[in-house]
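Asks:
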Amino acid sequence: MGNTIVKIDNLVKRYKELIALDHFSLEIEEGEIFGLLGPNGSGKTTTINCLLSLLAYDKGNIEIFGEKMTPVNYKVKKEIGIIMQNVAVFDELTVYENIDYFCGLYIKDKETRRKYVDEAIAFVGLEDFVKFYPKKLSGGLLRRLNIACGIAHKPKLIILDEPTVAVDPQSRNKILEGIQELNKQGATIIYTSHYMEEVEQICTRIAIMDKGKKIAEGTKDELKRMIKNTETLTIEILDLSDEMLEKIRALNHVYETDYSDSRLEVRFSGGKHNLIHVLNLLQENNVSFSRAYSELPTLNDVFLEITGKALRDKE
Amino acid sequence: MQVFKTFLKVLKKKLPNALIFIGVFMAIAIAMANSGAETAKYEDYEMKIGIIDRDNSKESKALSEFVLDGNKPVDIADDEDEILDAVYYERAGYILIIKEGFGEKLKNGDLNDLFENYKLPSSVYGTLFDNRLDSYLNSVGAYMSSGLEPTEAMSKAQEAMNVETKVTMKNFEDTGNDDYSENFSYYYKYLAYILISVLITALCPVLLIMNRKEIKARTICSSITASSQTFQIFLGSGGFVLIIWIFFAAAGYILTDGIMNQKVLLAMLNSFIFIIIAAGIAMLIAAFEPSSNVLNMIANVVGLGMSFLCGVFVPQDLLAEGVLTAGKFLPAYWYVKANNMLAGTCGEVFSKSEIFKCFGVEVLYAVALFAVVMLVMRVKRKEA
Ligand SMILES: Nc1ncnc2c1ncn2[C@@H]1O[C@H](COP(=O)(O)OP(=O)(O)OP(=O)(O)O)[C@@H](O)[C@H]1O
Ligand SMILES: [Mg+2]
């Protein structure tokens with residue numbers, strides 16, 4: 001640890017009028033699973049494409065493995081595995097042939113390659129589908145194929161751009177476990193997503209992006225400590241008077257309440273036994289309620305507090 | 316050679332698109348080779364012709380002489396029923412009525428409405444004879460306008476027609492089976508359409524797949540150099556084009572009983588230059604990244620359109636002036652023209668220097684096409 005693998009310095013990327021990356025900086029250490037979290041259009045893919053020298057940028061500097069990254073730095077490219085957001089496979093080739101093609105771009109030796117391709121197939125669990133054409137695979141299996149194509153050559157740095165979009169929960173778990181496994185085997189991972197649950201689940205460090213800017217960075221606990229929210233209560237109440245709402249707001253540590261659609265949300269900054277205090281208050285005043293639960297802050301709360309909007313629209 | 320190998324794998328999947336063109340073409344070529352195409356040639360044929368001379372002038376006599384030259388005279392009375400009978404029962408293949416005042420009209424330079432004719436509408440030789448009479452009359456008019464008396468003009472025209480006939484006949488003999496057969500000329504003419512169609516339907520989709528944005532980007536991320544990637548795709552395309560050409564050249568050679576001479580070699584060279592042009596067209600189309608539906612449409616429009624305008628389906632000398640002018644701006648025109656020269660058809664005669672001029676124009680088209688392809692690809696890359 002302590003070895004910087006990726007260093008992005010003050011990156012600026014413009015698409016005509018639109019500033020897709022606005023003085024964006026980042027450092028990623030060896031052995032990390034680094035999460036790049038941001039809503040749609042925040043600039044995640046643009047960051048990755050600049051990182052890979054697929055896109056020219058207007059300002060800034062990028063170093064990978066301590067070397068300046070350029071379109072012709074093949075030595076660096078050799079050590080990178082890339083899983084693109086848009087699935088990049090040949091519809092005309094079988095699962096096996098596809099993995100063999102992409103692996104073969106890096107590994108010339110036939111024997112080694114055969115071994116690596118077989119390992120990649122086993123790794124993503126596509127053993128039963130080697131002769132299938134991509135068109136015949138389900139969305140989840142297709143994503144797994146896309147991943148196998150990116151990791152077969154055993155790269156040191158693996159970049160995954162939203163690899164779980166449109167994937168069923170079973171495949172998603174398999175993919176997330178796989179990423180952690182690759183990390184255990186020694187690869188450094190960059191993982192972009194707009195699903196905070198995924199990022200929280202696997203990432204050792206996280207940068208949150210919005211509109212091309214990095215708005216926060218740290219481990220998930222560090223990020224959560226940055227905000228005043230420590231707990232959010234949600235209680236379902238059919239009928240709540242304004243007077244009652246006022247009483248709740250007056251409780252200790254409460255800094256925000258929100259009542260709509262028969263749902264009361266109370267946000268706390270610090271304090272203990274907050275749920276019990278609120279429920280006691282409701283009982284004393286003969287207010288009936290159904291479900292009640294308490295949540296610790298999520299990355300969504302972090303995003304919400306910093307930008308004033310939700311990470312993604314409520315589903 | 317990972318890119319090259321994959322190019323071939325994808326090509327194998329896309330080749331069936333082109334097999335329909337290759338299959339139908341080869342079937343027709345084989346059928347034609349076995350039938351030994353016969354075409355009607357007026358010069359070979361002696362026709363039974365009846366002449367009714369209502370003018371009885373020096374000029375009408377001269378015309379009769381021309382008409383009967385090489386044909387067999389048949390006596391017919393000037394009676395409508397008898398005329399129709401003679402034609403219907405094929406006692407005469409062609410009946411010409413020289414109208415009264417023929418000589419007078421001719422002297423005044425009026426070439427309209429000089430005679431009537433009767434023939435079976437289905438008679439090929441009758442039609443050919445009509446054409447011959449037309450061009451004879453045109454020559455007469457031409458000589459007269461240069462100051463000759465009608466009778467003089469007529470004998471000159473007759474002389475000229477006979478010379479021309481001999482030239483044409485000589486050409487036909489030239490193109491007889493041991494030099495450049497008619498089959499061979501048809502084979503190479505239609506090949507223009509086939510080559511374009513095959514390359515657009517088979518090579519284009521492969522190029523589109525290899526250059527698909529996601530695949531291309533993903534491949535660029537790897538440790539193979541961009542130039543190696545381009546080179547391997549080029550190698551695959553070039554290899555495919557070469558194999559297709561060798562296949563058609565060999566098939567043409569075999570189907571025409573293995574005749575090999577200068578003209579055959581020139582025809583092969585012609586088709587080689589043209590397949591490079593066709594490859595350029597395919598690459599240009601691919602550079603614009605059309606969808607597969609659009610691609611099919613383009614294949615038809617370009618393949619059929621160019622073939623019609625340039626005289627692949629219709630002989631060049633039968634095309635309207637405007638069509639020909641448009642055709643000259645398309646490479647296939649020069650391919651077909653060179654082929655016509657080799658065959659001595661469509662009023663073209665064999666001349667090496669003229670043929671190399673056609674080749675030169677074709678090469679220019681090929682160079683221009685590849686230049687445009689590079690330009691389009693560069694612009695597209697900038698946009699990305
Ligand atoms: N080729 C392009 N031309 C113009 N604008 C672009 C182009 N590519 C991306 N953008 C814009 O740049 C911004 C960042 O896009 P980017 O794809 O990096 O977002 P993202 O975070 O990856 O989003 P998503 O979660 O949807 O993948 C967006 O506003 C997008 O519209
Ligand atoms: Mg993206």
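Line order of the protein sequences matches chains A and B.
Following our numbering from start to finish, the first sequence increments by one per residue and tops out at 315.
Following our numbering from start to finish, the second sequence increments by one per residue and tops out at 699.
Ideal Cβ placement from N, Cα and C applies to all residues, glycine included.
Hey, is serine 538(B)'s beta-carbon within less than 8 angstroms of any beta-carbon in chain A?
Replies: yes
Asks: Do tyrosine 96(A) and lysine 131(A) count as a contact pair if the criterion is CB distance below 8 angstroms?
Replies: yes
Asks: Answer with yes or no whether the minimum CB distance from glutamate 92(A) to chain B is below 8 angstroms.
Replies: yes
Asks: Chain B partners of lysine 78(A), CB-CB under 9 angstroms?
Replies: Going along chain B in sequence order, the residues near lysine 78(A) (Cβ under 9 angstroms) are Ser537, Ser538.
Asks: Spatial neighbours of phenylalanine 90(A) within its chain, please: CB distance less than 8 angstroms, with the 5 preceding and 5 following residues excluded, ordered by chain position.
Replies: Glu97, Asn98, Tyr101, Pro134
Asks: Can you name the start and end residues of the alpha helix (DSSP H) that phenylalanine 555(B) belongs to?
Replies: Start and end: 541–570.
Asks: Using the C-alpha atoms, what's the distance from lysine 213(A) back to glutamate 305(A)?
Replies: Using only the alpha carbons, I get a separation of about 16 angstroms.
Asks: Beta-carbon within less than 6 angstroms of glutamate 295(A)'s beta-carbon, same chain only, minus the 5 sequence neighbours each way: which residues are those?
Replies: If we look at glutamate 295(A) and ignore the five residues flanking it on each side, its Cβ neighbours are Thr232.
Asks: Going straight from the alpha carbon of leucine 690(B) to that of glutamate 181(A), what length do you get?
Replies: 46 angstroms
Asks: Answer with yes or no whether the minimum CB distance from glutamine 547(B) to chain A is below 8 angstroms.
Replies: no
Asks: List, from N- to C-terminal side, the alpha helix (DSSP H) runs of 4 residues or more that fit wholly inside the segment 173–204 of chain A.
Replies: 196–202
Asks: Could you tell me if the beta carbon of threonine 45(A) falls within a distance shorter than 7 angstroms of some heavy atom in ligand 2?
Replies: yes
Asks: Taking the beta strand (DSSP E) that valine 254(A) falls in, what are its first and last residues?
Replies: 254–260
Asks: Any idea which residues DSSP pairs tyrosine 293(A) with across the strands?
Replies: Thr234(A)
Asks: Could you tell me whether the segment 606–621 of chain B touches the segment 465–477 of chain B, where touching means 3 or more Cβ pairs closer than 8 angstroms?
Replies: no
Asks: For glutamate 256(A) and asparagine 229(A), what's the separation of their Cα atoms in angstroms?
Replies: 10 angstroms
Asks: Opposite leucine 21(A) in the DSSP bridges: which residues?
Replies: As computed with DSSP, leucine 21(A) is found in a beta bridge with Lys13(A).
Asks: Which complete beta strand (DSSP E) runs does the segment 334–420 of chain B hold, if anything under 3 residues is left out?
Replies: 363–368, 387–389, 409–413
Asks: Would you kindly work out how many angstroms separate the C-alpha atoms of proline 71(A) and arginine 225(A), rounded to a whole number?
Replies: 40 angstroms
Asks: So with Cβ pairs under 8 angstroms, would you call leucine 304(A) a contact of chain B?
Replies: no
Asks: Beta strand (DSSP E) containing methionine 515(B): first to last residue?
Replies: Before going further, note that residue 515(B) is isoleucine rather than methionine in the sequence given. No beta strand (DSSP E) holds isoleucine 515(B); DSSP gives it neither H nor E.
Asks: Three or more C-beta pairs under 8 angstroms: does that hold for the segment 179–194 of chain A against the segment 28–43 of chain A?
Replies: yes
Asks: Helix, strand or coil for valine 651(B)? Go by DSSP, reduced to three states.
Replies: Here valine 651(B) sits in helix by DSSP.
Asks: According to the neighbour-count rule (16 or more other Cβ atoms, all chains shown, within 10 Å of its Cβ), is serine 454(B) buried or exposed?
Replies: Result: buried.
Asks: Are the C-beta of arginine 702(B) and some C-beta of chain A separated by less than 8 angstroms?
Replies: The structure shown does not extend to residue 702(B), since chain B is modelled only from 316 to 699, so the question has no answer here.
Asks: For isoleucine 82(A), I'd like the list of residues in its chain whose CB is within less than 6 angstroms of its CB, leaving aside the five on either flank, ordered along the chain.
Replies: Gly150, Ile159
Asks: In whole angstroms, what separates the C-alpha of methionine 598(B) from that of serine 542(B)?
Replies: 17 angstroms
Asks: Which residues in the same chain as isoleucine 511(B) place their Cβ atom closer than 6 angstroms to its Cβ, once the five residues preceding and following it in sequence are excluded?
Replies: Ala593, Gly618
Asks: Measuring only the C-alpha atoms, how far is alanine 352(B) from asparagine 576(B)?
Replies: With a pLDDT of only 46 at alanine 352(B), under 50, the local geometry of the prediction cannot be trusted, and the value read off the model is given with reservation. Alanine 352(B) and asparagine 576(B): Cα-Cα distance of roughly 21 angstroms.
Asks: Note down, in chain order, each residue of its chain lying with its Cβ closer than 7 angstroms to the Cβ of lysine 422(B), except the 5 sequence neighbours on either side.
Replies: Pro465
Asks: Taking buried to mean at least 16 other C-beta atoms within 10 Å of its own C-beta, is asparagine 492(B) buried or exposed?
Replies: Its pLDDT being 38, under 50, asparagine 492(B) is placed unreliably by the model, and the measurement read from it follows with that caveat. Asparagine 492(B) should be labelled exposed.
Asks: So does leucine 18(A) have its beta carbon nearer than 7 angstroms to some heavy atom of ligand 1?
Replies: yes
Asks: Taking beta-carbon pairs under 8 angstroms, can you tell me which members of the segment 97–119 of chain A lie near chain B?
Replies: Glu97, Tyr101, Phe102, Gly104, Leu105, Tyr106
Asks: For a test of the three-state rule: what should DSSP assign to arginine 693(B), helix, strand or coil?
Replies: helix
Asks: Taking the continuous beta strand (DSSP E) assigned at asparagine 61(A), which residues delimit it?
Replies: 59–64
Asks: I'd like to know whether the C-beta atoms of serine 607(B) and proline 520(B) end up nearer to each other than 8 angstroms.
Replies: Yes, the Cβ-Cβ distance between serine 607(B) and proline 520(B) is below 8 angstroms.
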